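Notes for the one structure printed next.
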Amino acid sequence: TYFKPSKILNLFEAEIYDLEFESHGGLSDIKYRSKFKDKKDLKSIKYGEVLTFSSVREEQTYLSSGLSTVEKFGRWSDSKKSTITFKLDMASCKSKELSMNLRGFVTKSNPEQKAEVLLNNEYIGEVKIKAHEPQPKEFSFGISKKTKCEEVNTLEFKIENPVSPKSLGVNSDTRTLGIGFESMIFQ
């Protein structure tokens with residue numbers, strides 16, 4: 034059977050099912066087999082490699098939840114919690130710092146965005162972006178001994194006040210925006 038998806042298929046979220054048929058009764062059962070690709074299949078991020086959120090790569094280096102689709106600058110968070118799941122090569126695993134270029138959805142009526150940042154469930158810092166500050170803004174987080182080598186790591190942003198542009202009268206966008214992700218690098 035051939036199908037043409039209406040949007041880009043995320044191979045890490047796609048699932049494989051077995052269809053069982055009876056000779057005279059047609060489809061009799063559907064059984065889950067596996068994910069198409071597993072998190073362990075992510076391509077490792079290399080030390081000093083800039084990971085941009087403004088493009089879709091051929092080899093996927095991260096998975097995300099709570100992030101909207103790719104835009105020219107990067108990707109917006111679109112919920113109160115956004116996660117980025119990734120693997121690091123051995124050199125990156127020894128990184129002492131994670132630097133990120135971020136922006137905030139801030140206006141006169143929503144003058145500040147804040148988020149708590151965790152790496153593998155450990156607090157590593159806070160993001161605070163105000164309306165009058167230039168954007169994007171660079172944030173650095175100390176990550177020494179908080180990363181897992183050649184294993185899956187999870188970076189989590191707990192966003193305090195995501196809000197939709199529509200609710201503020203900015204435009205018709207109904208997503209609840211908070212933090213805009215542009216790039217990150219392990220150093």
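According to the numbering used here, the sequence shown holds residues 34 to 220 in order.
From the three backbone atoms N, C-alpha and C, an ideal C-beta is built for every residue, glycine too.
The structure presented is a predicted model; accordingly, all values stated were derived computationally and were not measured.
Buried versus exposed call for A148 [16 or more other C-beta atoms within 10 Å across all chains shown]
It is buried - the Cβ of A148 has at least 16 other Cβ atoms within 10 Å.
Taking the runs of the alpha helix (DSSP H) that are 4 residues or longer, which of them lie wholly in the region 114-154?
When DSSP assignments are scanned along the region 114-154, the uninterrupted stretches of alpha helix (DSSP H) that are 4 or more residues long and fall wholly within it turn out to be 123-126.
Unbroken beta strand (DSSP E) run spanning K170, endpoints:
Segment K170 to G175, the beta strand (DSSP E) holding K170.
When the Cα atoms are used, what is the spatial distance from S216 to G107?
Across the structure, S216 and G107 are spaced so that their CA atoms are roughly 8 Å apart.
Taking the CB atoms as reference points, tell me whether A124 and T140 lie closer together than 8 Å.
One thing to note: A124 has its Cβ no nearer than 8 Å to the Cβ of T140.
When DSSP labels each residue in this structure, what does K40 get in the three-state scheme?
With a pLDDT of only 48 at K40, under 50, the local geometry of the prediction cannot be trusted, and the value read off the model is given with reservation. K40 falls in the coil class under three-state DSSP.
Between which two residues does the beta strand (DSSP E) carrying E215 extend?
I212 to F219 is the span of the beta strand (DSSP E), which, as asked, contains E215.
Straight-line Cα distance separating E189 from D111
Each residue's alpha carbon lies about 13 Å from the other.
Residue burial classification, T207 (beta-carbon count within 10 angstroms, cutoff 16):
Burial is judged here by how many other beta carbons sit within 10 angstroms of a residue's own beta carbon; T207 has fewer than 16 and is exposed.
Sheet register partners of I55 (DSSP bridge):
Contrary to the premise, residue 55 reads as Glu rather than Ile in this sequence. Residue pairing from DSSP places E55 in a beta bridge opposite G59.
Short of 8 Å in beta carbon distance, which residues of its chain neighbour E91, apart from the five on each side in sequence? Order them along the chain.
Residue confidence is low: E91 scores 47 on pLDDT, short of 50, so the model does not pin down where it sits. Its coordinate-derived value is still stated next. Apart from the 5 residues on each side of it in sequence, E91 has no Cβ closer than 8 Å to any other Cβ in its chain.
So what's L75 in DSSP terms, helix, strand or just coil?
L75 falls in the coil class under three-state DSSP.
Pick helix, strand or coil for S110, following the three-state DSSP scheme.
Looking at S110 - three-state DSSP - the assignment turns out to be strand.
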